[in-house]
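Structure, as structure tokens:
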Amino acid sequence: MAAPMRKMLHGTARSLECPWRLRTLCAAATAAPAAAATPGKSAASPNGGSPWRLLGALCLQRPPVISQPLSPLQVEMAELLEQIEVEKSRYSDHEIRALEEAQRLERKKADIYDSDDDDEKDILLVQDLEDTWEQKFLQFKPEPRVTEADKKNDQTSLHRKLDQNLVLLVKEKLGDQETWMLPYAEWQVGETLRGTAERALATLSQNSVEAKFLGNAPCGYYKFKFPQAFRTENSIGAKVFFFKALLQSGNLSQARKKNDHAWVSKEELGDYLKPKYLAQKTVAVFQFA
Amino acid sequence: MTPQGHPAPGPPDSQTILRWKEVRTGVRATRVLNSGGSGGAWDAGAEAEAMAALGAAARALALQGRSGGLRACLPRPCWPHAPGRESHLWATALLSLRAALPVRGEPLRKKKKVDPRKEQAAKDRLKKKIKKLEKVSQELIPIEDFITPVKYLQEERQRPEPEVPFEVSERRTLLMKKWTLYKQQEAEAEQKKIRSMLEAQQEALRELRQESELLYQAAIRRDDSLFPFEKEGPTYTPATPGYQAPEGKYNDVTKVYVQVVHKR
Numbered sequence: 001m002a003a004p005m006r007k008m009l010h011g012t013a014r015s016l017e018c019p020w021r022l023r024t025l026c027a028a029a030t031a032a033p034a035a036a037a038t039p040g041k042s043a044a045s046p047n048g049g050s051p052w053r054l055l056g057a058l059c060l061q062r063p064p065v066i067s068q069p070l071s072p073l074q075v076e077m078a079e080l081l082e083q084i085e086v087e088k089s090r091y092s093d094h095e096i097r098a099l100e101e102a103q104r105l106e107r108k109k110a111d112i113y114d115s116d117d118d119d120e121k122d123i124l125l126v127q128d129l130e131d132t133w134e135q136k137f138l139q140f141k142p143e144p145r146v147t148e149a150d151k152k153n154d155q156t157s158l159h160r161k162l163d164q165n166l167v168l169l170v171k172e173k174l175g176d177q178e179t180w181m182l183p184y185a186e187w188q189v190g191e192t193l194r195g196t197a198e199r200a201l202a203t204l205s206q207n208s209v210e211a212k213f214l215g216n217a218p219c220g221y222y223k224f225k226f227p228q229a230f231r232t233e234n235s236i237g238a239k240v241f242f243f244k245a246l247l248q249s250g251n252l253s254q255a256r257k258k259n260d261h262a263w264v265s266k267e268e269l270g271d272y273l274k275p276k277y278l279a280q281k282t283v284a285v286f287q288f289a
Numbered sequence: 290m291t292p293q294g295h296p297a298p299g300p301p302d303s304q305t306i307l308r309w310k311e312v313r314t315g316v317r318a319t320r321v322l323n324s325g326g327s328g329g330a331w332d333a334g335a336e337a338e339a340m341a342a343l344g345a346a347a348r349a350l351a352l353q354g355r356s357g358g359l360r361a362c363l364p365r366p367c368w369p370h371a372p373g374r375e376s377h378l379w380a381t382a383l384l385s386l387r388a389a390l391p392v393r394g395e396p397l398r399k400k401k402k403v404d405p406r407k408e409q410a411a412k413d414r415l416k417k418k419i420k421k422l423e424k425v426s427q428e429l430i431p432i433e434d435f436i437t438p439v440k441y442l443q444e445e446r447q448r449p450e451p452e453v454p455f456e457v458s459e460r461r462t463l464l465m466k467k468w469t470l471y472k473q474q475e476a477e478a479e480q481k482k483i484r485s486m487l488e489a490q491q492e493a494l495r496e497l498r499q500e501s502e503l504l505y506q507a508a509i510r511r512d513d514s515l516f517p518f519e520k521e522g523p524t525y526t527p528a529t530p531g532y533q534a535p536e537g538k539y540n541d542v543t544k545v546y547v548q549v550v551h552k553r
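Chains as they are written, first to last, in this note's numbering: chain V, 1 to 289; chain S, 290 to 553.
Structure follows, in structure tokens:
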């Protein structure tokens, strides 16, 4: 982890390896390039003299709604187990009835005891029962596992990839370019870092999203140093602490514009995030199944 | 009453009466402790003495009356404290006492303080034994699924033995071996994942500590609102919005078990 740090240290101002640049810092830099004065609240370095700024980021996940498809080996094993279970079981009432009826039909065909046995049992045969059950089952139409959003590959929809975890990413404008990243907010004095993450969620969604935060502790962190142009004596870089939350209800579509946010699965993270950022060991927070 | 060794002339005076009782009880006590029930007759006598108040010399009379053989078991009262029986003063004191005390009837049965306690102790012991027996026979709620109903154990219900050809059984065994390997890999991968997530968390907490102790303390605090945590698991197909389940009546025949406490 130290090596990429050093690389960033020697990077130029236009080093794009560092995706995290503070908006406030860049705005101040563009407005008054000479004075790298940071906003007042952080001038006194509220972190007790440490040169790192604190950011709280939110790793909002939508847990899977349907189960994952079985691999071929699992399918084989499932079939085998069912076969063994049937072999070791006893006859059920339904099966006994079927066997008896089969015997009765045979006897009827052999033309012995024709009319006597007919009065004993009902006319409804086992076969008829099974047919009616089959018909009833076919009448029920379940929802498809592959939804429309999957076919359209609509990244902003929550109904895509129902069997996987989806993480929320937002596109933020940093300096001169836009990057995809996890939603974050800067830490203010008097709140815990989890409070910072909750504030980030509230500002992002305008309180339309409900999420369950999993504990007070962060699940990962990311440390980076600002490019040379943006450093002051108080802040040479920032530490971002990620907090995991599970989405319970709500959608971001009202709050944000269409292309500003995306719900991506683990494989698609690589398309959105910078490779160096992704390769960070601390981004083991994305080790969800 | 003439227990062996007792001198012939009359019952002893009040002082010797007391002493005799004490001695008697002392001896009796030691006998009870030392020989935990030597003979049936002795036990009956000891029990009678233990349960009721230890009586005076008259008690011995009662015992003597019950079983002649008891006399042999009665303790030989030794008189280490008796004042010189040979002294004439004792005899004269006795003679005067004879007139003073009504010696015709039984002496009053005094209930000693020790005896109710012993009674209570014995009753408690019995109660404890009863409680233990009751505890052992505590029934567990039967799990309906694990009890095979009797009708399925009948002969006609058995399937015919499946003839599994050799190739099929071979294939099955190989498949099961592959499956065990697969499950082992799956378990290892899960453990690795969990370990790496925990490591990442620990690193984050370490860095946070370096930043600010206050924030670190807030982060490691337990979150009480997290548990109990309820969440519906994934299903095979997603939920149909606006689905109405078919209506119908049903009789709920699940058995509910209630614990009954027997109090005595």
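Note that CB positions come from ideal geometry on N, CA and C, so glycine has one too.
Residue contact check for methionine 181 of chain V against chain S: no CB pair falls below 8 angstroms.
Within the same chain, and ignoring the five residues on either side of aspartate 154 of chain V in sequence, the residues whose Cβ sits closer than 7 angstroms to its Cβ are Arg160.
Taking the beta carbon of tyrosine 471 of chain S as reference, the chain V residues within 7 angstroms of it are Leu73, listed in sequence order. Inter-residue distance for proline 396 of chain S and lysine 416 of chain S is about 35 angstroms (C-alpha atoms, whole angstroms). Annotation: Cβ neighbours of alanine 507 of chain S in chain V (cutoff 7 angstroms, chain order): Thr192, Asn216. In this structure, the CA atom of arginine 53 of chain V is about 15 angstroms from the CA atom of alanine 493 of chain S. Taking a beta-carbon distance threshold of 8 angstroms, glutamine 480 of chain S does not count as an interface residue toward chain V.
Within 10 angstroms of the beta-carbon of proline 218 of chain V lie 16 or more other beta-carbons, which makes it buried.
Buried is the label assigned to phenylalanine 224 of chain V, since at least 16 other Cβ atoms lie within 10 Å of its Cβ.
It is roughly 12 angstroms from the alpha-carbon of valine 75 of chain V to the alpha-carbon of glutamine 68 of chain V.
The closest CA to that of lysine 141 of chain V, considering only S/Tyr546, S/Val549, S/Gln533, S/Arg495, is found on S/Gln533.
Boundaries of the alpha helix (DSSP H) around leucine 497 of chain S: 455-500. It is roughly 55 angstroms from the alpha-carbon of leucine 515 of chain S to the alpha-carbon of glutamate 452 of chain S. By the C-beta density criterion, glycine 237 of chain V is buried, having at least 16 other C-beta atoms within 10 angstroms. Taking a beta-carbon distance threshold of 8 angstroms, valine 146 of chain V does not count as an interface residue toward chain S. When 9 angstroms is used as the limit between beta carbons, threonine 524 of chain S is near these residues of chain V: Val65, Ile66, Ser67, in chain order.
The C-beta of glutamine 409 of chain S comes no closer than 8 angstroms to any C-beta of chain V.
With distances taken between CA atoms, glycine 190 of chain V lies nearest to S/Leu503 out of S/Thr543, S/Arg448, S/Leu503, S/Gly522. DSSP places valine 542 of chain S outside any alpha helix (DSSP H), giving it a letter other than H or E. Around leucine 162 of chain V, the beta-carbon contacts reaching into chain S at under 7 angstroms are Pro527. The way I'd put it, the region 236-250 of chain V does touch the region 201-216 of chain V; three or more beta-carbon pairs between them come closer than 8 angstroms.
Distances from the alpha-carbon of methionine 181 of chain V to those of V/Gln164, V/Tyr222, V/Leu162 put V/Tyr222 closest. Of the residues S/Lys420, S/Arg406, S/Ala411, S/Ile430, the one whose Cα lies closest to the Cα of tyrosine 546 of chain S is S/Ile430.
Apart from sequence neighbours up to five positions away, the residues of its chain that approach alanine 200 of chain V with a beta-carbon distance below 6 angstroms are Leu58, Pro183, Tyr184, Ala185, ordered along the chain. Nearest to tyrosine 441 of chain S by C-alpha distance, out of V/Ser89, V/Glu148, V/Ile123, V/Leu73, is V/Ser89.
Valine 167 of chain V places its beta carbon less than 8 angstroms from that of leucine 60 of chain V. Counting the other Cβ atoms within 10 Å of the Cβ of isoleucine 66 of chain V gives 16 or more, which makes it buried. The DSSP-derived three-state label of serine 249 of chain V is strand. When the Cα atoms are used, methionine 465 of chain S and alanine 478 of chain S turn out to be separated by approximately 20 angstroms. By the CB criterion at 8 angstroms, glutamate 148 of chain V and alanine 528 of chain S fall outside the cutoff. The three-state secondary structure of tyrosine 441 of chain S, taken from DSSP, is helix. Between the alpha carbons of serine 205 of chain V and glutamate 198 of chain V lies a distance of about 11 angstroms.
Within the region 93-110 of chain V, Ile96 place their CB atoms closer than 8 angstroms to a CB of chain S, listed in sequence order.
Contact annotation for leucine 504 of chain S against chain V: Thr192, Leu193 [CB-CB distance below 7 angstroms, chain order]. Chain order gives the chain S residues near tyrosine 91 of chain V as Arg446, Arg448, where near means a beta carbon separation below 7 angstroms.
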